[in-house]
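K.L.:
Number of protein chains: 2
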Amino acid sequence: MRFISETSSDGVREQLFTLGEIPGVLWTPEGAVGTRPLVVMGHGGGQHKKAPGVLARARRFVTDLGYAVVAVDVPAHGDRPKVEEYDRIVTENQARVEAGEDLAPLIAGFQALVARRTVPEWRAVLDAVQQREHVGTGPAGYWGVSLGCGLGVPFVAAEPRVRAAVLGLGGVAASAEAAARITVPVEFLVQWDDERVPRAQSLALFDAFASTEKTLHANPGKHGEIPAYELESTLRFFARHLG
Amino acid sequence: MRFISETSSDGVREQLFTLGEIPGVLWTPEGAVGTRPLVVMGHGGGQHKKAPGVLARARRFVTDLGYAVVAVDVPAHGDRPKVEEYDRIVTENQARVEAGEDLAPLIAGFQALVARRTVPEWRAVLDAVQQREHVGTGPAGYWGVSLGCGLGVPFVAAEPRVRAAVLGLGGVAASAEAAARITVPVEFLVQWDDERVPRAQSLALFDAFASTEKTLHANPGKHGEIPAYELESTLRFFARHLG
Chain Z
1188 MRFISETSSD
1198 GVREQLFTLG
1208 EIPGVLWTPE
1218 GAVGTRPLVV
1228 MGHGGGQHKK
1238 APGVLARARR
1248 FVTDLGYAVV
1258 AVDVPAHGDR
1268 PKVEEYDRIV
1278 TENQARVEAG
1288 EDLAPLIAGF
1298 QALVARRTVP
1308 EWRAVLDAVQ
1318 QREHVGTGPA
1328 GYWGVSLGCG
1338 LGVPFVAAEP
1348 RVRAAVLGLG
1358 GVAASAEAAA
1368 RITVPVEFLV
1378 QWDDERVPRA
1388 QSLALFDAFA
1398 STEKTLHANP
1408 GKHGEIPAYE
1418 LESTLRFFAR
1428 HLG
Chain R
1188 MRFISETSSD
1198 GVREQLFTLG
1208 EIPGVLWTPE
1218 GAVGTRPLVV
1228 MGHGGGQHKK
1238 APGVLARARR
1248 FVTDLGYAVV
1258 AVDVPAHGDR
1268 PKVEEYDRIV
1278 TENQARVEAG
1288 EDLAPLIAGF
1298 QALVARRTVP
1308 EWRAVLDAVQ
1318 QREHVGTGPA
1328 GYWGVSLGCG
1338 LGVPFVAAEP
1348 RVRAAVLGLG
1358 GVAASAEAAA
1368 RITVPVEFLV
1378 QWDDERVPRA
1388 QSLALFDAFA
1398 STEKTLHANP
1408 GKHGEIPAYE
1418 LESTLRFFAR
1428 HLG
């Protein structure tokens, strides 16, 4: 793990790093020492580790809860090189949608493919970050919606250090088997008028989690329109489960 | 409006009253003077104005938010006399369920019948309570699940003073037309394994509210098993909308 740059603003220390070929960013409270909960954040499709929605939430997790937060670029996103296989599949999928196929299962299949790379990457990032003195081996959480849900479900299923997860804007197609292996508390976000994920697919994914404590929050609006008050709920959800 | 008795404990003043033939209870902060938000609470079927679930929530609305809270017995509940017509219908419905009919539409029909009495009663209670000096004409909210939802939906639809409502454990059958007239913010509680209200009926009722701000919270468990953390969410919901 190699740290590249460091800045601080408004109480938040931001460290850019690479772990092998993976570019990442670690946020912690300015001046923090010692062990604290760590939230891994997955970004959306076409976004990157410092996309506005990721950054705004990460800063609140740090300033309100005193947590550490880490996000990395998904392959073919942000500072990472294109992946020819992904480009080919995206082009094929566009053609299939134009030919009348449903978008949702194509997205799901693509996310399952990407997850085969990101799950081991994110586990290695968790290993490396928890070795830093200002993070330590405290409880971990996960936050990710849309692509961050498609990749997050198999990650949370595979990673016993994750004790609570906020997921959403995702359907069951890619993730039923992994979802059935998740037993930690889940807060699951649904946009009631999601134009990308059919409502029944979202409800079926919520249904599939094996967690005894899971809570679904549905709000009107399209895929990208999660209301601001859900961030307040997320803060309380993590505080309840990660301390 | 006639006040019958008054007690105080742990910062909450409790006044029992009657308004005509309606027995009710008003909770306010001990020593409160001046106008404050008022939450009307509807109790569940077979319950009464001081049922444990009503009382526990009412105390938190008073102590955490400084609100006034009022609850009255629904006809044929609590301190009110039996209603022969209701008894007859309940008996008939039991026979129809034993003969194989679905329970949900029978409950819905019964609630619609009772609402024809409770809507004008609750509006009169709101009139009377808001004339008290320690309540005043501030914004009003409504909280009610199960029977409290079946009766609450037509009440909220009819009563412009209600600015925000927590509803739930109810289906669309009794309430579609009234729900479509509700435009205030709604927090709607669904129990994912509700044995009394079919899930699709619950989701359809959420769908039916005309409110631009509405949020559905679904949790695993049966009809009576709303998790404790939903009360925390309810407090924040009212604080957001009633001040």
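The listed protein sequences correspond, in order, to chains Z and R.
Quick note, the working numbering runs 1187 ahead of the 1-based positions in the first sequence.
Quick note, the working numbering runs 1187 ahead of the 1-based positions in the second sequence.
Glycine included, every Cβ here is placed at the ideal spot set by N, Cα and C.
Since the structure is predicted, the reported quantities are computational estimates derived from the model, not experimental observations.
For chain Z, is any of its Cβ atoms less than 9 Å away from the one on residue 1425 of chain R?
P.N.:
For the purposes of this step, residue 1425 of chain R is taken as the residue at position 238 of the second sequence. Not an interface residue.
K.L.:
Can you check DSSP and say which residues form a bridge with residue 1331 of chain Z?
P.N.:
If you number the first sequence from 1, residue 1331 of chain Z lands on position 144. Looking at the DSSP assignment, residue 1331 of chain Z forms a beta bridge with Z:1229, Z:1354.
K.L.:
Figure out for me which residue from R:1413, R:1260, R:1224 has the closest Cα to the Cα of residue 1305 of chain R.
P.N.:
Stepping through the second sequence from its first residue, residue 1305 of chain R is reached at position 118. Closest option to residue 1305 of chain R, Cα to Cα, is R:1260.
K.L.:
Quick one: grab the DSSP three-state call for residue 1404 of chain R.
P.N.:
Here residue 1404 of chain R is taken as the residue at index 217 of the second sequence, counted from 1. DSSP places residue 1404 of chain R in strand when its eight states are reduced to three.
K.L.:
Give the residues of chain R in contact with residue 1401 of chain Z, contact being defined as C-beta atoms less than 7 Å apart.
P.N.:
As a working mapping, residue 1401 of chain Z is identified with position 214 in the first sequence. Result: 1407.
K.L.:
Report back the beta-carbon spacing between residue 1247 of chain Z and residue 1325 of chain Z to the nearest angstrom; my notes put them in contact at under 8 Å.
P.N.:
What you label residue 1247 of chain Z is simply residue 60 of the first sequence in a count that begins at 1. What you label residue 1325 of chain Z is simply residue 138 of the first sequence in a count that begins at 1. Rounded, the Cβ-Cβ distance is 18 Å, inconsistent with contact.
K.L.:
Where do the ends of the alpha helix (DSSP H) carrying residue 1342 of chain Z lie?
P.N.:
On the first sequence, position 155 is the one that residue 1342 of chain Z refers to. Unbroken alpha helix (DSSP H) run through residue 1342 of chain Z: 1339 to 1345.
K.L.:
Are residue 1312 of chain Z and residue 1413 of chain Z closer than 9 Å when you measure CB to CB?
P.N.:
The residue you call residue 1312 of chain Z lines up with position 125 of the first sequence. The residue you call residue 1413 of chain Z lines up with position 226 of the first sequence. No, these two residues do not count as a Cβ contact at 9 Å.
K.L.:
Please determine if the region 1336 to 1347 of chain R and the region 1314 to 1321 of chain R are in contact, where contact requires at least 3 C-beta pairs separated by less than 8 Å.
P.N.:
No, because fewer than three Cβ pairs between the region 1336 to 1347 of chain R and the region 1314 to 1321 of chain R fall closer than 8 Å, the two stretches do not touch.
K.L.:
Should residue 1281 of chain R be labelled buried (16 or more other beta-carbon atoms within 10 Å of its own) or exposed?
P.N.:
Translated into positions along the second sequence, residue 1281 of chain R becomes position 94. Exposed: under 16 other Cβ atoms inside 10 Å.
K.L.:
Indicate whether at least one CB of chain R lies closer than 9 Å to the CB of residue 1297 of chain Z.
P.N.:
Indexing the first sequence from 1 puts residue 1297 of chain Z at position 110. Chain R contact via Cβ: absent.
K.L.:
Is the Cβ-Cβ distance between residue 1410 of chain R and residue 1375 of chain R less than 9 Å?
P.N.:
Walking along the second sequence from the start, residue 1410 of chain R turns up at place 223. Walking along the second sequence from the start, residue 1375 of chain R turns up at place 188. No.
K.L.:
Could you spell out the range, first to last residue, of the beta strand (DSSP E) harbouring residue 1377 of chain Z?
P.N.:
Position 190 of the first sequence, counting from 1, holds the residue named residue 1377 of chain Z. It spans 1373 to 1378 - the beta strand (DSSP E) in which residue 1377 of chain Z sits, taken as one unbroken run.
K.L.:
Specify whether the region 1358 to 1375 of chain Z and the region 1201 to 1220 of chain R touch according to this definition: at least 3 beta carbon pairs, one from each stretch, less than 8 Å apart.
P.N.:
Touching, no, given that fewer than three Cβ pairs across the two stretches are closer than 8 Å.
K.L.:
Which of helix, strand or coil does DSSP assign to residue 1383 of chain Z?
P.N.:
Taking the first residue of the first sequence as 1, we reach residue 1383 of chain Z at position 196. The answer is coil: DSSP assigns residue 1383 of chain Z none of H, G, I, E or B.
K.L.:
What are the boundary residues of the alpha helix (DSSP H) that residue 1302 of chain R is part of?
P.N.:
Taking the first residue of the second sequence as 1, we reach residue 1302 of chain R at position 115. From DSSP, the alpha helix (DSSP H) with residue 1302 of chain R extends over 1290 to 1317.
K.L.:
What is the C-beta distance between residue 1334 of chain Z and residue 1232 of chain Z, in whole angstroms, given that I count them as a contact (C-beta under 8 Å)?
P.N.:
Locating residue 1334 of chain Z in the first sequence gives position 147, counting from the first residue. Locating residue 1232 of chain Z in the first sequence gives position 45, counting from the first residue. Going by Cβ atoms, the distance from residue 1334 of chain Z to residue 1232 of chain Z rounds to 4 Å, so yes, they are a contact pair.
K.L.:
Just mark residue 1149 of chain Z as buried or exposed, buried being the case when its beta carbon has 16 or more other beta carbons within 10 Å.
P.N.:
A query on residue 1149 of chain Z cannot be resolved here, the shown segment of chain Z reaching from 1188 to 1430 and no further.
K.L.:
May I ask you to report which of helix, strand or coil DSSP gives residue 1389 of chain R?
P.N.:
Counting from 1 along the second sequence, the entry for residue 1389 of chain R is found at position 202. DSSP places residue 1389 of chain R in helix when its eight states are reduced to three.
K.L.:
Quick one: measure Cβ to Cβ for residue 1467 of chain R and residue 1358 of chain R, integer angstroms, because I've assumed they're closer than 8 Å.
P.N.:
Coverage of chain R is limited to positions 1188 through 1430, which leaves residue 1467 of chain R absent and any answer about it impossible.
K.L.:
With the cut-off set at 9 Å, would you say residue 1234 of chain Z and residue 1264 of chain Z are in Cβ contact?
P.N.:
Along the first sequence, one-based indexing puts residue 1234 of chain Z at 47. Along the first sequence, one-based indexing puts residue 1264 of chain Z at 77. In contact: residue 1234 of chain Z and residue 1264 of chain Z (Cβ atoms closer than 9 Å).
K.L.:
What whole-angstrom Cβ distance do residue 1353 of chain Z and residue 1421 of chain Z have, given they're in contact under 8 Å?
P.N.:
Within the first sequence, numbered from 1, the residue matching residue 1353 of chain Z stands at position 166. Within the first sequence, numbered from 1, the residue matching residue 1421 of chain Z stands at position 234. Indeed, because the Cβ distance is near 5 Å, the residues count as touching under 8 Å.
K.L.:
Tell me the rounded alpha-carbon separation between residue 1381 of chain Z and residue 1279 of chain Z.
P.N.:
Indexing the first sequence from 1 puts residue 1381 of chain Z at position 194. Indexing the first sequence from 1 puts residue 1279 of chain Z at position 92. Answer to the nearest angstrom: the Cα atoms are 23 Å apart.
K.L.:
State the DSSP-derived secondary structure class of residue 1258 of chain Z, mapped to helix, strand or coil.
P.N.:
As a position in the first sequence, residue 1258 of chain Z is number 71, starting the count at 1. Reduced to three states, the DSSP call for residue 1258 of chain Z is strand.
K.L.:
Under 8 Å Cβ-Cβ, which residues of chain Z neighbour residue 1432 of chain R?
P.N.:
Shown here, chain R extends from 1188 to 1430; a query on residue 1432 of chain R therefore has no answer.
K.L.:
So residue 1211 of chain R packs on residue 1236 of chain R, CB below 8 Å; how close in whole Å?
P.N.:
For this step, residue 1211 of chain R is matched to residue 24 along the second sequence. For this step, residue 1236 of chain R is matched to residue 49 along the second sequence. Yes, they are in contact, since the Cβ atoms of residue 1211 of chain R and residue 1236 of chain R sit about 6 Å apart, within 8 Å.
K.L.:
Does at least one heavy atom of the ligand FMN sit under 8 Å from the Cβ of residue 1224 of chain R?
P.N.:
By its list of ligands, the structure shown contains no ligand whatsoever, and the ligand FMN lies outside what it can speak to.
K.L.:
Thinking just about the alpha-carbon of each residue, which of Z:1343, Z:1301, Z:1396 is nearest to the one in residue 1272 of chain Z?
P.N.:
The residue labelled residue 1272 of chain Z in the question sits at position 85 within the first sequence. Closest by alpha carbon: Z:1301.
K.L.:
Exposed or buried, residue 1244 of chain R, counting other C-beta atoms within 10 Å across all chains shown (16 or more means buried)?
P.N.:
Here residue 1244 of chain R refers to the residue found at position 57 when the second sequence is read from its first residue. Buried is the call here.
K.L.:
What do you get for residue 1190 of chain R, buried or exposed, if any count of 16 or more other CB atoms within 10 angstroms of its CB means buried?
P.N.:
As a working mapping, residue 1190 of chain R is identified with position 3 in the second sequence. Classification for residue 1190 of chain R: exposed.
K.L.:
Just the Cα atoms here: how many angstroms apart are residue 1388 of chain R and residue 1258 of chain R?
P.N.:
Residue mapping note: residue 1388 of chain R aligns to position 201 of the second sequence, counting from 1. Residue mapping note: residue 1258 of chain R aligns to position 71 of the second sequence, counting from 1. Whole-angstrom Cα-Cα distance: 27 Å.
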